[in-house]
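There are 2 protein chains.
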Amino acid sequence: MSKRIALNAFDMSCVGHQAPGLWKHPRSRADEYNTLEYWTDVAQLLERGLFDAMFLADVVGYYDVYRNSAAPVIKDATQIPVNDPFMHVSAMAAVTKHLGFGITSAITYEQPYPLARRFATLDHLTRGRVGFNVVTSYLKSAAENHGLTDQISHDERYEIAEEFMDVCYKLWEGSWEDGAVKRDRAGGVFADPALVHPIRHHGKYFDVPGIGLTEPSPQRTPLIFQAGASSRGRAFAGRHAEAVFVGGIRPDLTRAVTDRLRDEAEAHGRRREDLKIFAMLHVIVDETDAKAEQKRRDYERYADTDGALGLVGGWSGVDLGRFDEDDVLEYVRTESIQSFLTPFTTADPNKKWTVREVAKHISMGGMGVPVVGSPQTVADELERWIDEGGLDGINLAYHVSPGSFEDFVEWVVPELQKRGRYRTAYEGTTLRENLYGAGQTKVLDTHPAARYRGAYAGQPSAADTPARELV
Amino acid sequence: MSKRIALNAFDMSCVGHQAPGLWKHPRSRADEYNTLEYWTDVAQLLERGLFDAMFLADVVGYYDVYRNSAAPVIKDATQIPVNDPFMHVSAMAAVTKHLGFGITSAITYEQPYPLARRFATLDHLTRGRVGFNVVTSYLKSAAENHGLTDQISHDERYEIAEEFMDVCYKLWEGSWEDGAVKRDRAGGVFADPALVHPIRHHGKYFDVPGIGLTEPSPQRTPLIFQAGASSRGRAFAGRHAEAVFVGGIRPDLTRAVTDRLRDEAEAHGRRREDLKIFAMLHVIVDETDAKAEQKRRDYERYADTDGALGLVGGWSGVDLGRFDEDDVLEYVRTESIQSFLTPFTTADPNKKWTVREVAKHISMGGMGVPVVGSPQTVADELERWIDEGGLDGINLAYHVSPGSFEDFVEWVVPELQKRGRYRTAYEGTTLRENLYGAGQTKVLDTHPAARYRGAYAGQPSAADTPARELV
């Protein structure tokens, strides 16, 4: 039987996310990102389309590598201004019942104690529909404005992240035992202190001696998302991620990435299929291939290559503004440029990738590609991506929002359903059930968070030991 | 003409807020604090009652001074478990149009750059209805679980807070000039980089060289709340606070506090009336005085003195568990105990305040008092509080939620309206307009945030200087 295709909508609380300039298109409502109506409308649309989740990207900085300036991205609203993605989730949750919400948080600048509470709170309010996209921030501007003179080194960021997650798991899974909360009005007991435990965490980066602030939420641990592409990032994903995001320019190349990720999962005692891997794609669909191609050309007129080069600067650290638009980048013998260029040259070795060509590509698809055509063409192509790429799902970015999502729900969802490749109803009510099936609300037993389930039972609790002595 | 009485509802994302034990009452829905329905129901009720704001308290720790243990407060759910108050605001905003939301944030554990974004995001999503209750955390358990071995000293916490606010004001008021955002689709300009400025803040505690992440929100600076009672806290309030919360046991004693606060405001170049001062009160109202007294006695049966002593421990640092319930506290010659006791002995010098009496008082009114009676009696008493206490409004705590608020809206609001002491319709759409009148959406000119309005015009911007060089 063919694998069901999972589906995330990729959005961000900003005007220009992955398709800089497209906010100017008459169909775009992306500049309404700062209104609740935009978010509740999109959430309801996605739930109508039976999406697994809305995935919210985030940066706590801005892109100022290109031309050594933030001016290009400000002019075009490319990921700046950018709002806090946590803030609109409860409004979206109030108008939906099944849709999940994956929220990006750059833990480099957070403390685990309050962040664990933030996610647990949302898991309560959404009744188990929250995911946590673990990011170790890549923007120098983010580091600087958080009072650091420069970024923490890449590998140390991951070392901090490992311990950070460990603290969160202890708080979410271990501190409050199942059954600790009684809500017993007649007996006068809200919770039994004997079943609430201090986690007594004393690590290299964090000291969290106390008890968790929140009672157990439906999922306890939110669904863990991750997108790291480096080898250290892959190891982190293999251990922690339940959903992983990858870029994608050609399915066969993506296959190498997904295979390596699943190897990592196995190396950490998990099954290959425990990782749900999503490739970022844009879809432009209409009644016929011709109409879709016409739509693509129409979109392209609004694309902004300056904003695209702004994104490239932030993602790669490479300022392509130092070159002429017609310079062929393969001829530039700088390691960071070649490293950035690899996916492009591998995908299309015969093409001469100039600055202009790279900018054009990014402006219409980020580090992915647009899939363009009739519902049948698009469905064929998505099936090919899933099967050849060894993927579980698509992380659907937009050119115009919510227009791109509307088109997908109208044209592509019915076609995939006809082919038996897409759900016709939600299986459960929590985000984890959306991905792992009905009943799987908590982390799988093989997940590192699971080891803290009941781990403190019988150990010192809030009841039998004065809290202060445990510190 | 008599002064209009302003009204905040005092709530917290927890089960037992100011009336420990009352969650067990059949009328209480407080244990639904972790559902969206509870919050949207309460918000709609408050807006029907024309409240100025819902004010959300918060702690990022728990009360473990009493009996050197968190067990008493866990058993009774006294402010633990506690959810993140930011998380349910957008759902409440989606079902209301005027009600403001004051959110407590303990800035001791925050960085100004992301916190400024969080408030700005909510100010956008609520269309200008957000307030920021600036707190410098008082719980040792909060400090410990944020990786600090002990709390930062009281005075240094306020010094940090001063600089913290300064950074926020620069980001909210100064970084993006009025008119910076064009949203010009035809011209291809979302924002003009020449009107967006790095704030170049380099202080003792924070370095924030860059530009703000958010475009200007309706209020720009959220309404600033504060509740500090110490002399350092009063100075902070005199400078920064637009709304101040005070405790209240007797109106004439509260008058001394409000006079000193308005003196502080004057000392900082503001008018006495620029401070809107709210006293925390509980109200128990019914058709007649007798019925209200009956209701009070019914509530009292559910009150929990153990939870109350837990709160006392956290607020005062004094463990009253070291004494016998019948010990008269005046006879205990410990400074911290006498300091805590002062409001009680001053209000009622003839009473012998035993541990039991203090616990009983706190369990039914926190550091305030319940006002009990018919709508007429309650309105008389509230008018007396406002006029004798030199107050602007009431910070209405609940015994049962939303029951206490329902009773107030049903019985007291019409009575106050009849007397011309309460609004009959909202004046504007933003929180600041609720308190300062229609049109006053931005901070008053005398507020310290106002000094950064347009302060960077003509100075280096994102357009004319490479971003990195400004650092």
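Top line first, the protein sequences correspond to chains A and B.
Under the working numbering, residue 765 is the last one in the first sequence; the count climbs by one each step, no gaps.
Under the working numbering, residue 765 is the last one in the second sequence; the count climbs by one each step, no gaps.
Every residue gets a Cβ at the ideal spot worked out from N, C-alpha and C, and that includes glycine.
Since the model is a prediction, treat every value here as computed from it, not as a measurement.
For residue i, write down the residues that DSSP places opposite it in a beta bridge.
| i | result |
| --- | --- |
| P664 (chain A) | A:H576 |
| G425 (chain A) | A:G396, A:L517 |
| W470 (chain A) | A:V490 |
| A485 (chain B) | B:V475 |
| I571 (chain A) | A:V538 |
| T372 (chain A) | A:G310 |
| D598 (chain A) | None; D598 (chain A) has no bridge partner. |
Just to confirm before moving on: does the CB-CB distance between residue i and residue j stay below 8 Å?
| i | j | result |
| --- | --- | --- |
| E421 (chain A) | T735 (chain A) | What sits at residue 421 (chain A) in the sequence shown is Arg, not Glu. Against a cut-off of 8 Å, the Cβ pair of T735 (chain A) and R421 (chain A) comes out as no contact. |
| Y593 (chain A) | I578 (chain A) | yes |
| L330 (chain A) | A387 (chain B) | yes |
| E341 (chain B) | T390 (chain B) | yes |
| I518 (chain A) | V428 (chain A) | yes |
| L350 (chain B) | A410 (chain B) | no |
| A550 (chain A) | L603 (chain A) | no |
| P664 (chain B) | H562 (chain B) | no |
| C462 (chain A) | Q373 (chain A) | no |
| P696 (chain B) | V336 (chain B) | yes |
| P669 (chain A) | V706 (chain A) | yes |
| G662 (chain A) | A523 (chain A) | no |
| A365 (chain A) | A751 (chain B) | no |
| T508 (chain A) | T415 (chain A) | yes |
| F379 (chain B) | D346 (chain B) | The question names Phe, but residue 379 (chain B) in the sequence shown is Pro. For P379 (chain B) and D346 (chain B), no; Cβs fall outside 8 Å. |
| V483 (chain A) | I493 (chain A) | no |
| G660 (chain B) | A537 (chain B) | no |
| K318 (chain B) | R479 (chain A) | yes |
Return the first residue and the last residue of the beta strand (DSSP E) that residue i is part of.
| i | result |
| --- | --- |
| M264 (chain B) | Residue 264 (chain B) is absent from the structure shown; chain B starts at 295 and stops at 765. |
| V351 (chain B) | One point to set straight first is that residue 351 (chain B) is Ala, not Val, in the sequence displayed. Run containing A351 (chain B): 347-351, per the beta strand (DSSP E) assignment. |
| N302 (chain B) | 300-306 |
| L690 (chain A) | 687-691 |
| D478 (chain A) | 475-478 |
| V367 (chain A) | Taken as a continuous stretch (DSSP letters only), V367 (chain A) belongs to no beta strand (DSSP E), being part of the alpha helix (DSSP H) at 365-369. |
Alpha carbon to alpha carbon, how far is residue i from residue j?
| i | j | result |
| --- | --- | --- |
| E700 (chain B) | G667 (chain B) | 15 Å |
| G468 (chain A) | G748 (chain A) | 6 Å |
| E438 (chain A) | G611 (chain A) | 15 Å |
| A436 (chain A) | D358 (chain A) | 11 Å |
| A488 (chain A) | G714 (chain B) | 53 Å |
| G769 (chain A) | D370 (chain B) | Residue numbering for chain A in the displayed model covers 295 to 765; residue 769 (chain A) lies beyond these limits and cannot be assessed. |
| D568 (chain A) | F530 (chain A) | 14 Å |
| E624 (chain B) | K646 (chain B) | 8 Å |
| R412 (chain A) | D621 (chain A) | 47 Å |
| F539 (chain A) | A521 (chain A) | 5 Å |
| K589 (chain A) | H693 (chain A) | 11 Å |
| P643 (chain B) | D460 (chain B) | 43 Å |
| G683 (chain A) | H418 (chain A) | 35 Å |
| A400 (chain B) | G497 (chain A) | 24 Å |
| Q632 (chain A) | R298 (chain A) | 36 Å |
| M306 (chain A) | D580 (chain B) | 49 Å |
| R556 (chain A) | R564 (chain A) | 9 Å |
| P314 (chain A) | R591 (chain A) | 15 Å |
| W679 (chain A) | V606 (chain A) | 24 Å |
| L767 (chain A) | S657 (chain A) | Within the shown structure, residues of chain A are numbered from 295 to 765, placing residue 767 (chain A) beyond reach of any answer. |
| A324 (chain B) | G615 (chain B) | 27 Å |
If you compare alpha carbons, which of the options is closest to residue i?
| i | options | result |
| --- | --- | --- |
| P545 (chain A) | A:P637, A:E450, A:R321, A:D335 | A:P637 |
| S296 (chain B) | B:D681, B:W466, B:V606, B:E629 | B:D681 |
| V490 (chain A) | A:G504, A:D478, A:T671 | A:G504 |
| D613 (chain B) | B:G310, B:P510, B:V551, B:S363 | B:S363 |
| T671 (chain B) | B:F304, B:T372, B:G527, B:L710 | B:L710 |
| G355 (chain A) | A:K318, A:H655, A:T402 | A:T402 |
| L725 (chain B) | B:T515, B:L690, B:F458, B:D739 | B:T515 |
| P512 (chain B) | B:D758, B:E727, B:Q753, B:H741 | B:E727 |
For residue i, report the span of its alpha helix (DSSP H) as first-last.
| i | result |
| --- | --- |
| T639 (chain B) | 629-641 |
| I454 (chain B) | 448-463 |
| L330 (chain A) | 330-342 |
| D417 (chain B) | 406-419 |
| I680 (chain B) | 669-683 |
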